[in-house]
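Numbering (this note's numbering), first residue to last: 15 to 128.
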RNA sequence: GCAGACGGCCGGACGACCGCUGCGCGCAGGCGCCCCGGCGCGUGCGCGGGGAGGAAAGUCCGAACUCCGGAGGGCAGUGCGCCGGGUAACGCCCGGUCAGGGUGACCUGAAGGAAAGUGGCACAGAAAACAUACCGCCGGCCGAGCCCGCAUGGGCGCGGCAGGUAAGGGUGAAAAGGUGCGGUAAGAGCGCACCGCGCCCGCUGCAAGGCGGGUGGCAGGCUAAACCCCGCACGGAGCAAGACCAAAUAGGGAAGCGCUCGAGGGUGGUCCGCCCGAAGCUUCCGGGUAGGUCGCUUGAUCCCGCCGGAGACGGCGGGGCUAGAGGAAUGGUCGUCACCGGUGCGGCCGCGGGCAACCGGGGCGCGCCGGCACAGAAUUCGGCUUAUGGCCGCGCUGCGGCG
RNA sequence: UGGGAGGUCGUUCAAUGGUAGGACACGUGGCUCUGGACCACGGUAUCGGGGUUCGAAUCCCUGCCUCCCAG
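See the structure below:
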């Protein structure tokens, strides 16, 4: 199932996040910032940054859920670690707007890695 | 109609598609262990049935549970504090009492003790706590003066001395009851009436208290969310508690204390008691491991009915199982219908103004647009507090209008 | 998740329950040809809301924010 999202497709540990943020390519969209790094695997993996500065638990959960949904519905060929940093107004935008923003931002990030 | 008080309830509904999670069943295949067939842990697919809240929040109280030795005694410390009841317990809840606030329905209250002791009360003021007397008021004695008078004498104000007073003035948040009448040299509970206060008695209430009568002319400022006294309660930590399995290293360096005259430890105050206890113990530096299972959801539980009670709540009977994740799931898109707000349309209804055309605002209907709060379980309960969208009540209060 | 500590001018520190005070910074004026230094004057604060008290930065309750610790 190409639209599934399992635990293997997630970044979980802090060293993994730091590697993507430091070595990956950063592209900034209207509602989010992406860090993209090739990972030599057959699947892509997702990590979401939801710090306390964004708001309470409800808003941070919503950011994570929306980011997962974007990743799940827009999987490319695979082989990238992607870290999503939502911006402040992220969860106020309609989903289709976010999806368009995500797609164009991700395309720029992946093209930079050839 | 407007404003308000009180109590209770809900926290959008349904459907389609795509996902997440752990439980049960079925299938496929991986790793580890050994007694070679099982056990444990993870993976994928299919089906079935579950999957956030009234506050899950803040972490302000109380408990359950677990470990610390069986939680012993004194001191210290902390918390609570009208009365009766409820509860496993509480700082919570119910019913009452008193005090304060509000026109009222109602609301609020850490509400024991100031004649056990200690402390504090700035500025102002004479005086701020076993009372005193600044400006005053009052009479007496002494001195000198003036006036009236023939005179004994009388009057007026002034100064001094020793007193009597607390009415008036003034200060302050607060000055030894308040108001009125009598009384007096002036005054004063000095006397009287009413109110306040203390004591006694009676009736009433389980009690806090209430009501009534008598009596004393009046004890005595405020502050205990100041120290404190009295009464009651409290051992300490917290699910990262703790238990088990697996893995891992080496007993490396420095300083201090101690070797029976006893260091140190036994979950943190201190002393006593008790226990362990010796060639080591404490602190710092350096190094290793940081994976899994249980605890983990059946409980002071939820729903319904009956009974007891004024109520909080309790008892009995029947039925239900209602999240257990773990860097952390409960999501996304679309449609229909509710609810709220704005706007447009004209069909209808009734109201006010105007002779009328018409104007104003209201309800119903249709269309469009927007909104739909506060907020996310992390061991589990009982409360409190805070945040927040609405609904309901033949109910309650005040004001205004009409009949 | 659990356990603690603390909020005072713009910054950093004070203040037995009795007028919130310095230092640095800031503003104005003086001195100087100008600037600095110096001198004089001035503005600015008790995290919010209640309560106790005659009186609260201080005591009590409650909310908000910040920081620290962990097997």
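Cβ coordinates follow ideal geometry from the N, Cα and C atoms, glycine included.
In this text the structure is predicted, and so the values were computed from the model without any measurement.
Runs of the alpha helix (DSSP H) spanning 4 or more residues and lying entirely within the stretch 24-57 occur at 28-37, in chain order. Distance between residue 22 and residue 93, taken at the CA atoms: about 13 Å. DSSP, read as helix, strand or coil, puts residue 61 in strand.
DSSP places residue 115 inside the alpha helix (DSSP H), whose first and last residues are 109-125. At a Cβ-Cβ threshold of 8 Å, residue 116 and residue 75 do not count as neighbours.
Counted as a single uninterrupted DSSP element, the alpha helix (DSSP H) harbouring residue 85 occupies residues 71-87.
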